[in-house]
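**Student:** Each number in the working numbering corresponds to the 1-based position in the sequence shown with 592 added.
For every residue, glycine included, the Cβ atom is placed at its ideal position computed from N, Cα and C.
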Amino acid sequence: DLILLHWSEPYLSLEEQIKNLEYLANKGYTRYIGVSNLNIDELELAINTVSKYDIVVNQVRYSVYDRRIEKKLLPYCIEKGITIQAYTPLERGEVVKDNILKEVGKKYGKTEVQVALNYLISQINVIPIPKTERRERIEEYIGSLGWRLKKEDIEYIRRKILSRYSIDDLEDEQ
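If you want it as structure tokens, here you go:
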């Protein structure tokens, strides 16, 4: 069981919110504590606030189009053993129209969606959480498992699909 602080509330300090999550864990309501959308400084504060539990998840936006976390936040989370739960991994369906992902997918017999998800899965400590209610989409998502993009294809995707955000300019956000 995981309890997740989805967004930090402005009316209560982050430390107090984390202490409340730890209280719930101590009472047996959950076994694990996670956070969402925290940058490195906030994660450090959260980690230093808990006494008995680890912060095991940081849920953040991450996709082949939004790779801001790759420069600092992802390496930090890997070092600390924190799993990244990647929301909006398919950019609300935009990856379906991507010719680069289509090209790479042909090499593996996979769809653009499967390539986009596998790109994330290929990173250490990353679990994408795509949204759908349709069975055929779930089956397509399952097709992103059980294989790995080759390193050269990951690099090709990084070169050809530029992050929508300047990784250097917006690093403060992550």
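Does the separation of the CB atoms of residue 709 and residue 720 fall below 8 Å?
**Tutor:** The Cβ atoms of residue 709 and residue 720 lie closer than 8 Å to each other.
**Student:** Extract the residue ranges of the beta strand (DSSP E) inside the segment 659 to 718, only unbroken runs of 3 or more that lie entirely within it.
**Tutor:** Segments of the beta strand (DSSP E) lying fully in the segment 659 to 718: 675 to 679.
**Student:** Roughly how far, in whole angstroms, is the beta-carbon of residue 637 from the beta-carbon of residue 671, given that I think they are within contact range, below 8 Å?
**Tutor:** No, residue 637 and residue 671 are not in contact; Cβ-Cβ is about 16 Å, not under 8 Å.
**Student:** Out of 727, 676, 660, 723, state which residue places its alpha-carbon closest to the alpha-carbon of residue 713.
**Tutor:** Out of 727, 676, 660, 723, 676 has the C-alpha closest to the C-alpha of residue 713.
**Student:** At what residues does the beta strand (DSSP E) containing residue 647 begin and finish?
**Tutor:** 647 to 653
**Student:** Classify residue 799 as helix, strand or coil using the three-state DSSP reduction.
**Tutor:** In the structure displayed, the chain extends from 593 to 766; residue 799 sits before or after that span and is not available.
**Student:** Where does residue 595 sit, in a helix, a strand or coil, going by DSSP?
**Tutor:** strand
**Student:** Using the beta-carbon count (16 or more within 10 Å), is residue 703 buried or exposed?
**Tutor:** buried
**Student:** Among 743, 700, 598, 742, which one has its Cα closest to the Cα of residue 650?
**Tutor:** 598
**Student:** From 641, 595, 681, pick the residue whose C-alpha is nearest to that of residue 656; which is it?
**Tutor:** 681
**Student:** Which same chain residues, not among the five before or five after residue 753, have their C-beta less than 6 Å away from its C-beta?
**Tutor:** Sequence-distant Cβ neighbours of residue 753 in its own chain, meaning closer than 6 Å and more than five residues away, are 656, 692.
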